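Below is one structure, written out as structure tokens; the observations come after it.
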């Protein structure tokens, strides 16, 4: 089935993909995935979307992922990422790895754009440091002959400011009604997805920016514990949120968190259970007609 979803003011999605995009992190509880394991994941991902978003460039993931896409002929576009919450040395290491990937004229054909950081302000970084990171990466890319790529930042939707928008090529905003403890959300998970989309468009309008709004992350957990006053995390609610969000997104480009459960993650245990796919690569959810 060929899907064409277009609304005024948003990116137009004209694709045979079931989902606009998913995030992908090539790790397991033991560390970095092998090239063979990455290829297995990407083959499954390519059945449901034609866009993936990465968060970093460690584990040689940029080259491995781009090589797998090219070698297997998958129709996947990649948003490369640089991780900025582990210090300057890690940022520079990621940048060097991305420059290496962009230097390959064949592999770089699958690169869509570049994102510098993820929810850094939410996690305590100053806005000025976020902007400094963005401009450093943008400047380096231009000097290296890769100025054609959009360079953006990803942040929680409510923390965007006009100044931040000025330095980011797109407004890549994340939103999770699950973590909002039902503040302003109805009890229905499906309706919460619709409310989330309304909040995103309101924030974009308030910034009075001409730049494209992209949902950098959204999703719903399939297991774990629930914040007060909100629905239980399980596969049924995950699927209700997914189908409601995708059916009401119009032409808005979005990335669901995430392809597979994050078994490698620490912290809040529910963070490990946003995966859309089972261990065998099959989707947990039946994609319903809109």
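Numbering (the working numbering), first residue to last: 1327 to 1616. We put the beta carbon where it would ideally sit given N, CA and C, even for glycine. Given the structure is predicted, the values throughout are model-derived calculations rather than measurements.
When 1471, 1457 and 1580 are compared, the shortest CA-CA separation from residue 1478 is found for 1457. DSSP places residue 1438 inside the beta strand (DSSP E), whose first and last residues are 1437–1444.
Beta bridge pairing from DSSP links residue 1573 with no other residue.
Sixteen is the threshold: since fewer than 16 other Cβ atoms of the shown chains lie within 10 Å of the Cβ of residue 1362, the residue is exposed.
Burial state of residue 1586 is buried, judged by a 10 Å Cβ sphere holding 16 or more other Cβ atoms. For the pair residue 1568 and residue 1616, the CB atoms are not nearer than the 8 Å cut-off. Cβ contact annotation for residue 1472 (same chain, cutoff 7 Å, sequence separation greater than five): 1428, in chain order.
The C-alpha of residue 1398 is placed about 33 Å away from the C-alpha of residue 1592.
The beta carbons of residue 1394 and residue 1420 sit no closer together than 8 Å.
Of the other Cβ atoms in all chains shown, 16 or more fall within 10 Å of the Cβ of residue 1374; this residue is therefore buried.
The alpha-carbon separation between residue 1506 and residue 1525 amounts to approximately 12 Å. Cβ atoms of residue 1600 and residue 1588 come within 8 Å of each other, at about 7 Å.
Taking a cut-off of 8 Å for Cβ pairs, the region 1464–1471 and the region 1480–1488 do not touch, as fewer than three such pairs fall below it.
Sequence-distant partners of residue 1609 (beyond 5 residues in either direction) whose C-beta falls short of 7 Å from its own C-beta, in its chain, are 1374, 1602 and 1603.
In this chain, residue 1432 is not harboured by any alpha helix (DSSP H), its DSSP state being neither H nor E. Between residue 1405 and residue 1392, the C-beta spacing is not below 8 Å. In this structure, residue 1459 places its C-beta atom within 8 Å of the C-beta atom of residue 1410. Assignment of beta-bridge partners to residue 1354 by DSSP yields 1357. Going by beta carbons, residue 1564 and residue 1580 fall outside the 8 Å limit.
In terms of Cβ geometry, residue 1364 and residue 1352 form a close pair [threshold 8 Å]. Within the same chain, Cβ atoms closer than 8 Å to the Cβ of residue 1355 are found at 1589 and 1590, the five residues on either side in sequence being excluded. For secondary structure counted as the beta strand (DSSP E) over 3 or more consecutive residues, the region 1486–1561 holds these complete runs in sequence order: 1497–1500 and 1539–1544. Bridge partners of residue 1468 according to DSSP: none are assigned. Distance from residue 1498 to residue 1540 at the Cβ level is roughly 5 Å; contact confirmed, criterion being Cβ atoms closer than 8 Å. Beta-bridge annotation (DSSP): residue 1375 is paired with 1345.
Residue 1515 is classed as buried because its beta carbon has at least 16 other beta carbons within 10 Å across all chains shown. Here residue 1437 is not near residue 1463, since their CB atoms are 8 Å or more apart.
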